[in-house]
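First the structure, in the form of structure tokens, and then the observations on it.
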Amino acid sequence: MADFPTQARVVIIGGGVVGTSTLYHLAKKGWTDCVLLEKNELTAGSTWHAAGNVPTFSTSWAIMNMQRYSTELYARLGDEVDYPMNYHQTGSLRLAHSQERVQEFERACAMGRYQGIDMKMMTPDEAKEMYPFLETHDLAGVLYDPSDGDIDPAQVTQALAKGAREMGAQILRFCPATGVTQQDDDTWIVHTDKGDIACDYVVNAAGYYAQRVGEWFKPYGGRTVPMMVMSHQYVLTDEIPEIEAWSKETGGKLPLIRDVDVSYYFRQEKHGFNIGPYEPNCKAEWDESGDAIPEDFSFQLWSDDLERIEDIVADSMERVPLAASAGISRIINGPIPYAPDGLPLIGPMPGVKNAFENCVFTFGIAQGGGAGKVMAEWIVDGGTEWDMWAVDPRRYTDYTDHAYCVAKGKETYGHEYAMHFPHHEWPEGRDKKHSTLHSRLVDAGAQFGAYNGWERANWFAREGEDTSEAATQTWDRNGPWEAAIEREVEAVTNGCGMLPITGFSRIKIEGPGAKDFVDSLTASRLPAPGRVSLAYFPDSRGRILTETSVMVHGDDEVGLITAATAQWHDREIFSRQVPEGITVTDHTDEVECLLVTGPKSRDILAPLVDGHDLSQPWLSVSLNGTVAGQEAALIRVSFAGELGWEIHAAPDAMPAIWDALADAGVTPFGMYALNSMRIEKGYRAWKGDLSTDYTLLEGGLDRFVKLDKPQDYPGKAALQAEAQRGRKKGFVTLEIEPGEQDAPYMAPIWHGDEIVGEVTSCAMGYRTGKCIALGMVRADLLAPGTQFEVDVYGKRHTATAQPDQPMWDPKNDRIRA
Ligand SMILES: Cc1cc2nc3c(=O)[nH]c(=O)nc-3n(C[C@H](O)[C@H](O)[C@H](O)COP(=O)(O)OP(=O)(O)OC[C@H]3O[C@@H](n4cnc5c(N)ncnc54)[C@H](O)[C@@H]3O)c2cc1C
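Each residue of the sequence shown is one higher than the one before, starting from 1 at the first, in the UniProt record's numbering.
Take a look at the structure:
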């Protein structure tokens, strides 16, 4: 082929809406020497048959950002690239059947308004005025989103392709990628039947083929892409004269309806309807039947399976009775990929240098615009404008085997519109990883949650307490767990408690200059040997990448302990840039951690330890010694903010240690109690309070930021400039007027008529007797005593800024005792 490109900066594999949007956004950033490979025609995967709905609604801040961006892009794209397309921003009505649902909508509305989307709540009567054919008698409320609508998926893909081509990017259709080879310098060769393309970066945008394409990266450190494929259907009805008449009279299209409690969307399509159920009795494809994914399924569909969705379709016809007057003209049944949580994979490919994923989209039309922007930022800028952890491929680690992906994918699809309550744990895909204490925790009444696949105790139920899943279907704080949290906090405050922090991620950096290497990446000062401290790792813009506990064991060895969920994310901060001669190894599975904390912890531990000096001060590390006759290290820290030690020992040693502590009367406590106590201490949590949405200085981490450190580190110049200029936002602790619920993540903080910040975490503090939120507000409003209001599920609660110190034990007397 004469003009076959043998060289490109980026090769994108897959020409659906997402791959094409990636190419367009790379070109927009000036990276025009990029190539997209599509094995068939553009849109041949899931894109061509999608219904094309483009909502902005989400209860995830990151997803809402992406979807909002898509609507803004799609509204201007036709003019920008001179490719007119059918994009109807009809608005949508989301129907609530219960008060809990109204609260969910209120929360999304509050977030939406913060993002500049004009969402609002309506009464059923107001909705009926907008949608005369709608049955509203049984509704509790309606959310109206004016920016919602539908677009022709093929047209938007072609428009993005036209825009990209006109900027100089290339699209090769009918040119499947057949494999990849990584070069010694970590660049790539992408193979096709028409020739090889050498490139700096590769993007897997292969939609439901992403797992197959992902296999090519395994020799270079990759893993099996965590995904599965569902069959998803929508029903098109015949045209209905009344709809035609209404459209002619009003000159418009009816708003899109989402009856989320029944689980379907319902949209005007020409003069009929498009009804799309997410049925609980759903079907995974290319799996249960034993069929492997075919070599090519381009532009194909499965045959109809009306039986699976007929109850939901029948329900929709009661909601809009006019629909019952029409026959079904067509059913579309196509493949839709699912990651276990139903969110896409957007970001660096875990374990592989210079490779990215932008795949496994269940709402790729709605998210495609935003996903292209995010991917282009990852590649060109090395990071994204908005924190995108919610969709980062590294959120999944080694536990996502096939059975897990299928079970979770089906669960997520069958509950596509379900409410995600703060104390609810989804039942599928559990028990992937147990600590050696698991049976003891079960015996003690533990109610578990999954943390990076590990089962951890959230709270401990007593005989007769309600542990049903139904009891967790509430936004309220006051469920059966609340009494348990109170008594667990009480035990830790006045006696001694123990909590297995199973699955703490552990990274060891070893080799000549290991300490200098870690030092070159952190803004913090590293501790002396025998001490532990927190270190913060910024990105090049000074934003918070991660926080780890650091122990320096000499110039050539540093140990890092970090959040369970951060395992693959944090490992890559080090392994991606490790110099020759230094190794980065993951020891997560080799050590178990038990936090023993409370004013009596020293007295209880004293007779059990040998070789450890319990009078050593706070933040000291004692590596050699035993606890209950078992070799164990002690680190004098407590995330609960009481006197305490973390016991670190081999998993096999832990049962004996637990038994000895239990015999000494130590009370087990869980993650919910720990969360309440850490918020009282103002201790931040990763990807809640600590994210790339904030710089280290905005995050109030000044005492961990050494601007005068002799070493350079990422973001140092940016942080120095910020320190000069002053931060835009700042970390604040708020005492909130306690209501029935805790303020959710990203609850807007109001000052007068203006939104000036957001809550990043919130809990009732049982030691202080106060409801406390950690958050970020405009920097000029940080003075203690400043009055705010926080929007908690639609209700404004007064809140007062607190002094910049922990609300519990502000001088740390208890922890230093
Ligand atoms: C019935 C149905 C209705 C839907 N309705 C909506 C909706 O209303 N709104 C919404 O947002 N989403 C909807 N979706 C989901 C949406 O279709 C997908 O999320 C979206 O199309 C995914 O886009 P993509 O670019 O990631 O993947 P795809 O469109 O699947 O594109 C991937 C491309 O990669 C190509 N490819 C694969 N392997 C190779 C290779 N080796 N070399 C080169 N090319 C390769 C494929 O041919 C394909 O064209 C619906 C899905 C279904 C099934």
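By construction, the Cβ of each residue, glycine as well, lies at the ideal position given by its N, Cα and C atoms. Fair warning: this is a prediction, and the values are worked out from it, not measured in the lab.
Closest in C-alpha terms to M807, from the list C771, E590, N204 and T798, comes C771.
Nearest in C-alpha terms to G670, of all of K600, I485, G641 and V637, is I485. For M64, there is no enclosing beta strand (DSSP E); the residue is part of the alpha helix (DSSP H) that begins and ends at W61 to V81. As summarised for the segment 644-730, the continuous beta strand (DSSP E) elements at least 3 residues long and confined to that stretch are 644-649, given in chain order. With a 10 Å radius around the Cβ and a threshold of 16 neighbouring Cβ atoms, G252 comes out exposed.
For the options Q89, M122 and F297, the alpha carbon positioned closest to that of F105 is the one of M122. Using a cutoff of 6 Å, the CB of S263 does not count as near ligand 1, since none of the ligand's heavy atoms is closer than that.
Of all alpha-carbon atoms in R602, F57 and R487, the one lying nearest the alpha-carbon of E642 is that of R602. Relative to G342, the option among K408, G700, T583 and Y265 whose CA is nearest is K408.
Residue pairing by DSSP puts L594 in a beta bridge opposite P500 and I647. With a threshold of 6 Å, the Cβ atom of F363 counts as near ligand 1, since some heavy atom of the ligand is closer than that. The Cβ atoms of D200 and K353 lie no closer than 7 Å to each other. Look at E38: its beta carbon is less than 6 Å from one of the heavy atoms in ligand 1. Beta-bridge analysis with DSSP links G276 to Y265.
For a cut-off of 8 Å, the C-beta gap from I544 to L774 is around 14 Å, too long to register as a contact. The closest CA to that of R576, considering only V666, G382 and L134, is found on G382.
Counted as a single uninterrupted DSSP element, the beta strand (DSSP E) harbouring S505 occupies residues S505 to E510.
Per DSSP, reduced to three states, the secondary structure at N458 is strand. Counting only runs that start and end inside the segment 100-151, the beta strand (DSSP E) elements of at least 3 residues fall at 120-122 and 141-145. Cβ-Cβ separation between A523 and V558: approximately 16 Å, too far for a contact (criterion under 8 Å).
Per DSSP, the continuous alpha helix (DSSP H) segment holding D570 begins and ends at Q567 to S575. The DSSP-derived three-state label of K410 is helix.
With a cut-off of 8 Å on Cβ pairs, the segment 268-280 is not in contact with the segment 360-370, counting fewer than three such pairs. Taking a C-beta distance under 7 Å as the contact criterion, V229 and P55 do not qualify as a contact pair. Using a Cβ distance threshold of 7 Å, R394 and W568 count as a contacting pair. If the five residues before and after Q170 are omitted, its C-beta is found closer than 8 Å to the C-beta atoms of P5, A8, C34, V35 and L36, all from its own chain and listed in chain order.
Nearest in C-alpha terms to G730, of all of E740, D689, K716 and T562, is D689. A direct Cα-Cα distance of roughly 20 Å separates W389 from A210.
Here DSSP, grouped into helix, strand and coil, assigns F299 to coil.
Contact between the segment 146-153 and the segment 81-96 is present: 3 or more CB-CB pairs across the two stretches fall below 8 Å. Our two residues, H97 and W481, have alpha carbons roughly 26 Å apart in a direct line.
Here the C-alpha atom of M85 lies approximately 9 Å from the C-alpha atom of D79. Assignment of W808 by DSSP, reduced to helix, strand and coil, places it in the coil class. By the criterion of at least three beta-carbon pairs nearer than 8 Å, the segment 248-264 is not in contact with the segment 429-443.
The straight-line gap separating the alpha-carbon atoms of Y220 and D184 is approximately 11 Å. Not a single heavy atom of ligand 1 lies less than 6 Å from the C-beta of P5.
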